[in-house]
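Be aware that the sequence shown starts at 131, since it is given in the numbering used here, and climbs by one per residue. Glycine included, every Cβ here is placed at the ideal spot set by N, Cα and C. Computed from a predicted structure; not experimentally measured.
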Amino acid sequence: MADGLTISALAKRLGITYQAVYKRVQSGDINGEKTGRFWLIPGEEVARLLATETAASKPDTTEIEGVQQQVHFLERENKILAEGVTFLKERVVSLDMQLERQTILLGSAQQQLMRPLPKGLNWIDRLFRRQHQQIDVTDAVR
């Protein structure tokens, strides 16, 4: 075991899972020897894998630029959405104030409707009173 690594040790060094290394050994992508219950990966193979994996794991500059563009786009979208939230909060406050004013006006209008009419302004009473008075006068004349 001194001149190689086990599958789990190699997986930790490469930063991948045990199953991924095991599948590569089974498919023949990685050379390994089974010693007892363990697979042993020779030192030369480990060096080759570490060199290729670190080269492959370095991100491409176009990839980094693409991610940076996405970050800038998302920051702008976030700013726009934050402004929208601020606008909507102000709108809610103004609508609450408007609703409160309308509720007060409605309450005062309902109170005025519930008050009885003044006696002198009820034209229906005056109309019927005169009619009754005229009938009484005509009955008295006959």
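C-alpha gap between residue i and residue j, whole angstroms
i      : j      : result
Glu174 : Lys142 : 17 Å
Val176 : Glu193 : 28 Å
Leu229 : Leu204 : 37 Å
Thr216 : Asp159 : 57 Å
Arg212 : Lys219 : Sequence inspection shows Ala at residue 212; the Arg mentioned does not correspond to that position. In a straight line, the C-alpha of Ala212 is about 11 Å away from that of Lys219.
Close beta carbons around residue i, own chain, < 6 Å, minus the five adjacent residues each side
i      : result
Ala150 : none
Leu135 : Ile171 and Val176
Asn161 : Glu175
Own chain, CB closer than 8 Å to residue i, minus 5 neighbours either side, in chain order
i      : result
Asp133 : Pro172 and Gly173
Buried/exposed call for residue i, threshold 16 Cβ in 10 Å
i      : result
Leu140 : buried
Coarse secondary structure for residue i, derived from DSSP in three states
i      : result
Ile171 : strand
Gly196 : helix
Gly166 : coil
Thr147 : coil
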